[in-house]
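Scroll down for the structure; my scribbles are underneath it.
There are 2 protein chains.
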Amino acid sequence: MVLPRAAKTQRRTRIQEEKEERILEAALEVFSASGFRGSTIDQIAEVAGMSKPNLLYYFRTKEAMHRALIDRVLDTWLDPLREFNAEGNPVAEIRSYIRRKLEMARDFPRESRLFANEVLQGAPHIEDELKGPLKQLVDEKAEVIRAWAKAGKIANCDPYHLIFAIWSTTQHYADFDVQVRAVLGQEHAGDGRFEDAARFLERLFVDGLQVRE
Amino acid sequence: MVLPRAAKTQRRTRIQEEKEERILEAALEVFSASGFRGSTIDQIAEVAGMSKPNLLYYFRTKEAMHRALIDRVLDTWLDPLREFNAEGNPVAEIRSYIRRKLEMARDFPRESRLFANEVLQGAPHIEDELKGPLKQLVDEKAEVIRAWAKAGKIANCDPYHLIFAIWSTTQHYADFDVQVRAVLGQEHAGDGRFEDAARFLERLFVDGLQVRE
DNA sequence: TGTAATGTTTACCAACCGGTCAAATTATCA
DNA sequence: TGATAATTTGACCGGTTGGTAAACATTACA
Numbered sequence: 001m002v003l004p005r006a007a008k009t010q011r012r013t014r015i016q017e018e019k020e021e022r023i024l025e026a027a028l029e030v031f032s033a034s035g036f037r038g039s040t041i042d043q044i045a046e047v048a049g050m051s052k053p054n055l056l057y058y059f060r061t062k063e064a065m066h067r068a069l070i071d072r073v074l075d076t077w078l079d080p081l082r083e084f085n086a087e088g089n090p091v092a093e094i095r096s097y098i099r100r101k102l103e104m105a106r107d108f109p110r111e112s113r114l115f116a117n118e119v120l121q122g123a124p125h126i127e128d129e130l131k132g133p134l135k136q137l138v139d140e141k142a143e144v145i146r147a148w149a150k151a152g153k154i155a156n157c158d159p160y161h162l163i164f165a166i167w168s169t170t171q172h173y174a175d176f177d178v179q180v181r182a183v184l185g186q187e188h189a190g191d192g193r194f195e196d197a198a199r200f201l202e203r204l205f206v207d208g209l210q211v212r213e
Numbered sequence: 001m002v003l004p005r006a007a008k009t010q011r012r013t014r015i016q017e018e019k020e021e022r023i024l025e026a027a028l029e030v031f032s033a034s035g036f037r038g039s040t041i042d043q044i045a046e047v048a049g050m051s052k053p054n055l056l057y058y059f060r061t062k063e064a065m066h067r068a069l070i071d072r073v074l075d076t077w078l079d080p081l082r083e084f085n086a087e088g089n090p091v092a093e094i095r096s097y098i099r100r101k102l103e104m105a106r107d108f109p110r111e112s113r114l115f116a117n118e119v120l121q122g123a124p125h126i127e128d129e130l131k132g133p134l135k136q137l138v139d140e141k142a143e144v145i146r147a148w149a150k151a152g153k154i155a156n157c158d159p160y161h162l163i164f165a166i167w168s169t170t171q172h173y174a175d176f177d178v179q180v181r182a183v184l185g186q187e188h189a190g191d192g193r194f195e196d197a198a199r200f201l202e203r204l205f206v207d208g209l210q211v212r213e
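Right, dumping it as structure tokens:
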């Protein structure tokens with residue numbers, strides 16, 4: 001009998017886990033570099049070191065691979081925002097949020113580009129995630145920031161646009177890496193630009209959010 | 001005789017100008033939404049209301065269309081940075097730069113996404129522009145900012161990362177529009193988010209760059 | 001060990017895609 | 001107006017792409 005995909009939902013064998021892992025890793029590599037439409041199953045198969053039909057044995061369609069990848073990565077991607085703590089010191093919380101986001105841009109640029117590609121092209125596959133879990137989480141943290149501002153702990157500012165500003169400035173170093181490198185030139189070959197960025201951004205946001213007399 | 005593309009370089013007829021205009025407009029629409037690889041000539045042809053071979057009569061290849069589009073748009077896109085004036089008041093200059101960039105994100109989001117798509121996927125077609133004209137312009141303006149900082153007119157900060165921060169925060173509202181809308185929800189249906197963003201960003205950068213005692 | 005389920009591959013298909021060609025149509029201008 | 005050049009189109013081509021069918025190989029397990 002051939003009931004591969006149906007059986008999978010019941011119990012996963014060692015082989016299944018290994019292969020699905022390898023496929024998703026390869027899919028991340030390819031999708032993040034070329035976007036959904038720009039990527040081909042053959043490319044992913046080659047990176048994964050498997051044949052195309054073999055990939056399609058584990059994921060019925062290209063879309064299914066993409067979806068599985070999104071689902072797996074989205075949670076991790078939002079972790080830094082989740083750690084945002086209402087009880088902590090506001091300035092320290094914002095500072096460490098920036099730092100964590102920058103570390104992710106440095107260490108997981110493919111994940112960042114995966115979402116950037118997706119959102120840039122109208123988010124055809126993740127609309128629900130944006131309007132659901134993402135919005136919910138941001139609403140919650142925005143409320144925290146608003147409370148801080150009301151209590152006079154930080155300057156009065158629009159919490160949503162603050163979050164957007166932190167997202168955009170930090171993810172910029174992953175998504176637009178080529179541009180950043182091109183502008184900075186050869187002398188910033190290593191990871192030094194991330195430290196420079198951290199210094200600049202922490203200062204910008206901390207000073208920019210200081211309560212003005 | 002059929003010498004279409006050769007003749008074009010000598011003098012352009014009314015029809016040629018009109019059609020090339022229509023094609024590039026359609027190309028902007030399609031390329032900005034799907035990236036280079038994700039776009040097809042058929043899509044562009046349909047948007048332009050012309051047949052595919054007709055398009056290829058004016059632009060020999062898909063790449064030629066893309067290149068012509070990039071060349072046409074890049075100059076306009078860098079205009080706000082060019083207007084950055086060394087003689088002006090530093091805070092006012094930065095403030096109006098932010099404002100102009102935000103206006104462009106609002107009024108020309110397709111142009112922004114065109115470049116975002118390109119850079120995100122490794123800038124395969126605009127590498128030269130990034131390392132040449134763009135870097136040159138940024139170097140020049142970075143020097144201006146550095147001089148301001150040295151003269152104590154603004155806080156001491158890395159001028160390159162300041163420019164990156166302004167780019168990323170403003171272009172975010174064009175490139176990640178879907179996400180911004182999803183998070184803000186229906187209540188921000190109109191262009192109000194741009195005014196909120198302007199208020200927030202101007203204040204963030206102005207206060208963040210104030211000279212600290 | 002045998003056998004049924006799981007995993008892999010080869011060969012293939014229909015749709016799509018970038019691009020060509022030659023014929024047909026339209027504009028230009030002497 | 002007529003001839004010549006410029007423009008437009010339909011038919012087509014070879015290569016690619018997402019996906020399938022079925023034969024073959026391997027694993028798990030009674």
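Chains A and B, in that order, give the protein sequences. Quick note on numbering: UniProt numbering labels position 208 of the first sequence as 208, and the sequence is numbered without any gaps. Quick note on numbering: UniProt numbering labels position 77 of the second sequence as 77, and the sequence is numbered without any gaps. Yeah, the Cβ is synthetic: ideal placement off N, Cα and C, and Gly gets one too.
Can you find a C-beta in chain B that's less than 7 Å from the C-beta of residue i?
| i | result |
| --- | --- |
| L137 of chain A | no |
| A123 of chain A | yes |
| K131 of chain A | yes |
| Q43 of chain A | no |
| Q179 of chain A | yes |
| V30 of chain A | no |
| Q183 of chain A | Correcting the residue identity first, residue 183 of chain A is Val in this sequence and not Gln. Yes - at least one Cβ of chain B is within 7 Å of the one on V183 of chain A. |
| D99 of chain A | Here the sequence assigns Arg to residue 99 of chain A, which means Asp is not the residue at that position. Not closer than 7 Å to any Cβ of chain B, the Cβ of R99 of chain A fails to qualify, so no. |
| F84 of chain A | no |
| L120 of chain A | yes |
| A197 of chain A | yes |
| A6 of chain A | Caution applies to A6 of chain A, whose pLDDT of 39 falls short of 50 and renders its modelled position unreliable; the value that the coordinates give is listed next. Output row for A6 of chain A: interface = no. |
| G35 of chain A | yes |
| A26 of chain A | no |
| A92 of chain A | no |
Can you confirm whether residue i, when its beta carbon is compared against all beta carbons of chain A, has any partner nearer than 7 Å?
| i | result |
| --- | --- |
| T40 of chain B | no |
| F176 of chain B | yes |
| D71 of chain B | no |
| L55 of chain B | no |
| T169 of chain B | yes |
| D128 of chain B | no |
| F164 of chain B | yes |
| residue 215 of chain B | Because residue 215 of chain B is not part of the residues shown, which for chain B are 1 to 213, the question remains open. |
| G208 of chain B | yes |
| T9 of chain B | With a pLDDT of 40 at T9 of chain B, under the threshold of 50, the modelled position of that residue is not reliable, and no figure is offered here. |
| L204 of chain B | yes |
| F200 of chain B | yes |
| G88 of chain B | no |
| residue 218 of chain B | What is shown of chain B runs 1 to 213, which leaves residue 218 of chain B out entirely. |
| I15 of chain B | no |
| A48 of chain B | no |
| A189 of chain B | no |
| A105 of chain B | no |
| A149 of chain B | no |
| L3 of chain B | In this prediction, L3 of chain B has a pLDDT of 41, which is less than 50 and means its spatial position is unreliable; nothing more can be read from the coordinates. |
Do you know whose CA, among the options, lies nearest residue i's CA?
| i | options | result |
| --- | --- | --- |
| residue 218 of chain A | A:Q16, A:M50, A:G38, A:R37 | Beyond the ends of chain A as shown, which are 1 and 213, falls residue 218 of chain A; an answer cannot be given. |
| V211 of chain B | B:Y97, B:E195, B:G190, B:V91 | B:V91 |
| E87 of chain A | A:K153, A:E20, A:F205 | A:K153 |
| L134 of chain B | B:I15, B:D42, B:S39, B:L81 | B:L81 |
| R99 of chain B | B:A182, B:T169, B:E18 | B:T169 |
| P159 of chain A | A:A151, A:V138, A:Q171, A:F176 | A:V138 |
| E195 of chain A | A:M104, A:N156, A:I70 | A:M104 |
| A61 of chain A | A:A48, A:E17, A:T40, A:V47 | Just to set this straight, residue 61 of chain A is Thr in the shown sequence, not Ala. When only C-alpha atoms are compared, the closest one is A:T40. |
| I166 of chain B | A:L120, A:K150, A:F205, A:V47 | A:F205 |
| E20 of chain B | B:A151, B:D79, B:Y58 | B:Y58 |
| L130 of chain A | A:A142, A:F115, A:A45 | A:F115 |
| H161 of chain A | B:K141, B:K150, B:I70, B:H188 | B:H188 |
| Q171 of chain A | A:A151, A:R110, A:V144 | A:R110 |
Roughly how far, in whole angstroms, is the beta-carbon of residue i from the beta-carbon of residue j, given that I think they are within contact range, below 8 Å?
| i | j | result |
| --- | --- | --- |
| residue 251 of chain B | V180 of chain A | Residue numbering for chain B in the displayed model covers 1 to 213; residue 251 of chain B lies beyond these limits and cannot be assessed. |
| A33 of chain A | L102 of chain A | So it is not a contact: roughly 21 Å between Cβ atoms. |
| A174 of chain A | S112 of chain A | 4 Å |
| R106 of chain A | D42 of chain A | So it is not a contact: roughly 30 Å between Cβ atoms. |
| I94 of chain A | L209 of chain A | 7 Å |
| I23 of chain B | L55 of chain B | 6 Å |
| V178 of chain B | G122 of chain A | 6 Å |
| C157 of chain A | R203 of chain B | 7 Å |
| G35 of chain A | N117 of chain A | 4 Å |
| V119 of chain A | F176 of chain B | 5 Å |
| A155 of chain B | A149 of chain B | 7 Å |
With hydrogens ignored, establish whether the beta-carbon of residue i is closer than 6 Å to any heavy atom of the ligand MN.
| i | result |
| --- | --- |
| G152 of chain B | Inclusion of the ligand MN in the displayed structure is not the case, the ligand content being empty and no account of it being possible. |
*Cβ contact (3+ pairs, closer than 8 Å) linking the region 110 to 129 of chain B and the region 70 to 78 of chain B*: yes
*So does the region 29 to 44 of chain A actually touch the region 55 to 73 of chain A, counting three or more Cβ pairs closer than 8 Å?*
yes
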